[in-house]
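**Student:** I'd like to ask you about the structure that follows.
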Amino acid sequence: MNISLENVTLVYQRKTPFEFKALNNITTQFEQGKFYGVIGHTGSGKSTLVQMLNGLILPTEGEVNVGDHVLTRKAKYKIIHDVKKRVGIVFQFPEHQLFDETVLKDVSFGPMNMGKSKEQAEAISKKYLELLNVDESLFDQSPFDLSGGQMRKIALAGILSMEPDVLILDEPTAGLDPLSHIKTMELFKSLHETLGITVILVTHDMNDVFNYTDEVKVLSKGHLVAEGNTHELLQDEALLKEYQLEVPNVVRLVHDLRKKGYTLDEMPQNIQSFIRMYKGVFDV
Numbered sequence: 001m002n003i004s005l006e007n008v009t010l011v012y013q014r015k016t017p018f019e020f021k022a023l024n025n026i027t028t029q030f031e032q033g034k035f036y037g038v039i040g041h042t043g044s045g046k047s048t049l050v051q052m053l054n055g056l057i058l059p060t061e062g063e064v065n066v067g068d069h070v071l072t073r074k075a076k077y078k079i080i081h082d083v084k085k086r087v088g089i090v091f092q093f094p095e096h097q098l099f100d101e102t103v104l105k106d107v108s109f110g111p112m113n114m115g116k117s118k119e120q121a122e123a124i125s126k127k128y129l130e131l132l133n134v135d136e137s138l139f140d141q142s143p144f145d146l147s148g149g150q151m152r153k154i155a156l157a158g159i160l161s162m163e164p165d166v167l168i169l170d171e172p173t174a175g176l177d178p179l180s181h182i183k184t185m186e187l188f189k190s191l192h193e194t195l196g197i198t199v200i201l202v203t204h205d206m207n208d209v210f211n212y213t214d215e216v217k218v219l220s221k222g223h224l225v226a227e228g229n230t231h232e233l234l235q236d237e238a239l240l241k242e243y244q245l246e247v248p249n250v251v252r253l254v255h256d257l258r259k260k261g262y263t264l265d266e267m268p269q270n271i272q273s274f275i276r277m278y279k280g281v282f283d284v
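According to the numbering used here, the sequence shown holds residues 1 to 284 in order.
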C-alpha cells in the first residue's frame, strides 16, 4: 500500500492573529515495503506529518491518499477509521498506550475492536507476542508489573496485532539506555524484513536514520526541503548544517579520514561495519 500527500497544508488557529502553518504545501509519497526516515530540527513538522498519515490530524488543504482512501479536511469517520486499521503508530513512550489488566487482553483489544472474535483476537495477539519474544508466562500478568523494555514490546505487539500495512515509529527509542536502544532498533529492522511492511521512523538520531532507513525526508519549518536515498543525502554535510542536523558519526569519521589522506572508497553504514571494512587499513 502506497501513501501520497498532494499539496498538503495544515494551519492551526486559522483566521486568527495566532494562525500558524505547521505544514506548508507538501507533496511526497511513501512506497510500500520501504524503511523511511523523517527528520528535521525541533518544530519542523515531523510528528505532525506522520500523524496525518493515520488520520489523527486532517489537512487544512490538499489530500492524503492512503491506498484507496482519501483523507481531506472533510473526511468521514468511516474513512478515518479504515485508515487507522492500516497505519499503526508507536508513540514516543509506547508503554503509555497500555491500559488493560493483562498482557493478552491489552494486545487483543485492537483486533477485537476491528471486529475479530475473542478467540481470533487472542490467536493473532499470541502470534505477535511470540514474534517479539514475549514469554507465554507473561500473557496473564499485568503489563504494569513488567520492566520498561517488556512494556514497550507489549505496546508494540498491540499495534502489530491490528496487522497494519504501515508502521510509524515516533521517537521510539526515547529514554532508553544504549544497549536497549540498539536492541529496539534491531527489532524494528527485523520486523520490517520479516513482515514486509512499510516503516516510517521519526527521530533526531541521525545514526539510526543512516543505519536503518532506505530513504529520508527532511522537513524545516513545515516545508519538505529535501528527500531521497538516505546514504546519498546524509553525506551532504552542507545540507545537514543548513537545517541544523547532526552528521552521522560514521560519515563524519570517513570524511575526516579522507581529509587526512586516507583512501576510503566505500561509506559504511555504521562504526561497526567501518571497523570490519577498513580493519586492514588501520591495522586494528
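Positions of the beta carbon are idealized from the N, C-alpha and C atoms, including for glycine. Please read these numbers as outputs of a predicted model, since none were measured by experiment.
Could you tell me the distance, in whole angstroms, from the CA atom of residue 134 to the CA atom of residue 109?
**Tutor:** So the two alpha carbons sit approximately 17 Å from each other.
**Student:** Tell me whether residue 165 is buried or exposed, calling it buried when 16 or more other Cβ atoms sit within 10 Å of its Cβ.
**Tutor:** Classification of residue 165: buried, given that the 10 Å Cβ count is 16 or more.
**Student:** What is the rounded straight-line gap between the Cα of residue 64 and the Cα of residue 262?
**Tutor:** Spanning the two alpha carbons is a distance of roughly 47 Å.
**Student:** Report the three-state DSSP secondary structure of residue 4 (helix, strand or coil).
**Tutor:** DSSP places residue 4 in strand when its eight states are reduced to three.
**Student:** Let me make sure I understand the geometry here. Which of 13, 10, 40, 21 has the alpha-carbon closest to that of residue 216?
**Tutor:** That would be 40, whose Cα lies nearest to the Cα of residue 216.
**Student:** Whose C-beta lies closer than 8 Å to the C-beta of residue 30 among residues of the same chain, with five residues either side of it excluded?
**Tutor:** If we look at residue 30 and ignore the five residues flanking it on each side, its Cβ neighbours are 2, 3, 4, 36, 53, 166, 198, 200.
**Student:** Buried or exposed, going by whether 16 or more other CB atoms sit within 10 Å of the CB of residue 252?
**Tutor:** Exposed, since its Cβ has fewer than 16 Cβ neighbours within 10 Å.
**Student:** Buried or exposed: where does residue 14 fall if 16 or more other Cβ atoms within 10 Å of its Cβ makes it buried?
**Tutor:** With fewer than 16 other Cβ atoms within 10 Å, it is exposed.
**Student:** When the Cα atoms are used, what is the spatial distance from residue 78 to residue 276?
**Tutor:** Cα to Cα, residue 78 sits roughly 52 Å from residue 276.
**Student:** Using CA atoms only, rank isn't needed, just tell me which of 196, 218, 238 is closest to residue 285.
**Tutor:** Nothing about residue 285 can be read from this structure; the chain reaches only from 1 to 284.
**Student:** With DSSP collapsed to three states, give me the class of residue 247.
**Tutor:** Here residue 247 sits in coil by DSSP.
**Student:** Please report the straight-line C-alpha distance between residue 25 and residue 239, rounded to a whole angstrom.
**Tutor:** Distance between the alpha carbons of residue 25 and residue 239 is about 21 Å.
**Student:** Is there contact here, the segment 167-174 with the segment 43-61, by at least three beta-carbon pairs under 8 Å?
**Tutor:** Judged by Cβ distances under 8 Å, the segment 167-174 makes contact with the segment 43-61, as three or more pairs qualify.
**Student:** Nearest by alpha-carbon distance to residue 60: which of 73, 51, 236, 67 is it?
**Tutor:** Among 73, 51, 236, 67, the Cα nearest to that of residue 60 is on 73.
**Student:** Could you please give the first and the last residue of the uninterrupted beta strand (DSSP E) stretch that includes residue 220?
**Tutor:** Counting along the chain, the beta strand (DSSP E) containing residue 220 begins and ends at 215-220.
**Student:** What are the boundary residues of the beta strand (DSSP E) that includes residue 39?
**Tutor:** Start and end: 35-40.
**Student:** Which residue wins for smallest C-alpha separation from residue 93, given the options 255, 152, 265, 163?
**Tutor:** Of the listed residues, the one whose Cα sits closest to residue 93 is 152.
**Student:** Find out if the Cβ-Cβ distance for the pair residue 264, residue 250 is shorter than 7 Å.
**Tutor:** Cβ atoms of residue 264 and residue 250: not closer than 7 Å.
**Student:** From residue 204 to residue 156, what does the alpha carbon distance come to, in whole angstroms?
**Tutor:** So the alpha carbons of these two residues sit roughly 20 Å apart.
**Student:** I need the DSSP call for residue 227, collapsed to helix, strand or coil.
**Tutor:** The answer is strand: DSSP assigns residue 227 an E or B state.
**Student:** Ordered along the chain, which non-local residues of its own chain (more than five positions away) have a Cβ less than 8 Å from that of residue 85?
**Tutor:** Answer for residue 85: 114, 162, 164, listed in chain order.
**Student:** How would you write the range of the beta strand (DSSP E) that residue 69 sits in, first residue to last?
**Tutor:** 69-71 is the span of the beta strand (DSSP E), which, as asked, contains residue 69.
**Student:** Roughly how many whole angstroms lie between the Cα atoms of residue 131 and residue 139?
**Tutor:** Straight-line Cα distance between these residues: approximately 14 Å.
**Student:** From which residue to which residue does the beta strand (DSSP E) around residue 170 run?
**Tutor:** First-last of the beta strand (DSSP E) with residue 170: 166-170.
**Student:** CB-CB under 8 Å to residue 191, same chain, minus the five flanking residues each way: which ones, in chain order?
**Tutor:** Here the set comprises 131, 160, 167, 197, 199.
**Student:** In terms of DSSP beta bridges, what is residue 88 paired with?
**Tutor:** Answer is 167.
**Student:** Under three-state DSSP, which class holds residue 260?
**Tutor:** Note: residue 260 maps to coil in three-state DSSP.
**Student:** Output the distance between the C-alpha atoms of residue 194 and residue 232, rounded to the nearest integer angstrom.
**Tutor:** Approximately 26 Å, taken between the alpha carbons.
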